[in-house]
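Peer 1: By numbering that gives the first Met the number 0, the letter at position 16 of the sequence shown is numbered 15, and the numbering carries on one by one without gaps.
Where a beta carbon is used, it is the ideal one built from N, C-alpha and C, also for glycine.
Being a predicted model, the structure only gives us computed values, none of them experimental.
Take this structure, written in structure tokens, and hold onto it; I'll ask about it next.
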Amino acid sequence: MLSTWADRVWSTAFLDIARATRPHETPQNKMAIDLEYMRGSWLVAQLEEAWFGNDIELRPFSTSTNAASLDELVENIMLAKQMFFVDYSDEELERAKLLLRRELRRLRTFE
0 MLSTWADRVW STAFLDIARA TRPHETPQNK MAIDLEYMRG SWLVAQLEEA
50 WFGNDIELRP FSTSTNAASL DELVENIMLA KQMFFVDYSD EELERAKLLL
100 RRELRRLRTF E
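Here you go:
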């Protein structure tokens, strides 16, 4: 089994953007998951309990979000904006896009 279970580095960028856009509010994060669930051992235990037995091999698999340009990548990632920016104004969303460009360049996976 290949797992992309915990490989969501762009969610960190969304949280940083939300903090920069609305510094006095707690960021929204509909993708927030208890850290226990991010461990491979938790996933294996769930599969074993679901009658897959103890013959499970879990290997991490890196994923990426691709686009022809940074602008296209920003637009593609902003499709998930309702998980982080509910009730944001159009002006705030435009600012978020500018900040997302900056944050994406900082990520370890940006090339």
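Helix, strand or coil, according to DSSP, for A17 in the structure here?
Peer 2: Note: A17 maps to helix in three-state DSSP.
Peer 1: At the level of alpha carbons, what is the spacing between E24 and Q45?
Peer 2: Taking the straight line joining both Cα atoms gives about 35 Å.
Peer 1: Taking 7 Å as the limit between beta carbons, can you name the residues of its chain near K96, skipping five residues before and five after?
Peer 2: Excluding positions up to five away in sequence, the list reads V73 and M77.
Peer 1: Tell me the rounded alpha-carbon separation between S2 and L57.
Peer 2: Confidence in S2 is poor, its pLDDT being 45 and thus under 50, which makes the residue's placement unreliable; the coordinate value appears in the next sentence. Distance between the alpha carbons of S2 and L57 is about 7 Å.
Peer 1: For N28, which three-state DSSP category applies?
Peer 2: Of the three classes helix, strand and coil, the one that applies to N28 here is coil, per DSSP.
Peer 1: Go to S40, then tell me how far its alpha helix (DSSP H) extends in each direction, as first and last residue.
Peer 2: Its alpha helix (DSSP H) spans residues G39 to L46.
Peer 1: Please classify F51: does DSSP put it in a helix, a strand, or coil?
Peer 2: In this structure, F51 counts as helix in the three-state DSSP scheme.
Peer 1: So I41 and E47 are in contact, right, with Cβ under 8 Å, and what is the actual spacing, rounded?
Peer 2: The amino acid occupying residue 41 in the given sequence is Trp; Ile does not appear at that position. So it is not a contact: roughly 11 Å between Cβ atoms.
Peer 1: Are the CB atoms of P26 and L14 nearer to each other than 8 Å?
Peer 2: Yes.
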